[in-house]
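Numbering (this note's numbering), first residue to last: 621 to 734.
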Amino acid sequence: MKEYLLLLRGGKPMSEKTDAENKAEMQAWKKYMGELGQKGQLLGGLPLQSGGAVISAKGATKKPVESSKEGIVGGYLIVKADDLKQASEIAKACPHIENEGNIEVREIAPMPAM
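Take a look at the structure:
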């Protein structure tokens, strides 16, 4: 099996939803993560704090990329799948999709020998 990074972008903020909507979403996440764990497909993942910095050869900024077109990255998952198709199916079942977000799926490349 290969490893894939699922970048969770966009989505409706918790502050814009009712308590009932937030509770239902958290229950959906609990079920989703539990199922991935039972199948041995979940390797890790967490939500990300807003804010941060961008570091480049030109220096650093004290704020993250704020591309509203694709959505700001708000979290990630690392999963195991046979191929991109299976990893994409895992992403399609994620509660983040129902929360008006999108998910970028990328295969994690092995580190080259040094």
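Every residue, glycine too, gets a C-beta built ideally from N, C-alpha and C.
Query                                                                                                                                                   : Result
Which residues mark the beginning and the end of the alpha helix (DSSP H) in which Gly657 is found?                                                     : Asp639 to Gln658
Measure the beta-carbon distance from Val725 to Tyr624 and round it to whole angstroms, keeping in mind my assumption that it falls under 8 Å.          : 6 Å
Determine the DSSP secondary structure at Leu668, reduced to helix, strand or coil.                                                                     : coil
Using 10 angstroms around the beta-carbon of Pro732, count the other beta-carbons present and answer buried if the total reaches 16, otherwise exposed. : exposed
In the DSSP assignment, find the alpha helix (DSSP H) that holds Lys705 and state where it starts and stops.                                            : Leu704 to Lys712
Give the DSSP-derived three-state secondary structure of Ile723 in the structure shown.                                                                 : strand
Taking 8 Å as the threshold (C-beta atoms), are Val699 and Leu663 in contact?                                                                           : yes
Can you tell which of Asp702, Lys643 and Gly691 has its C-alpha closest to the C-alpha of Lys659?                                                       : Asp702
Taking Cβ positions, are Gly672 and Gly721 nearer each other than 8 Å?                                                                                  : no
For the beta strand (DSSP E) that contains Glu636, what are its first and last residues?                                                                : Segment: none, Glu636 is in no beta strand (DSSP E) and carries neither H nor E.
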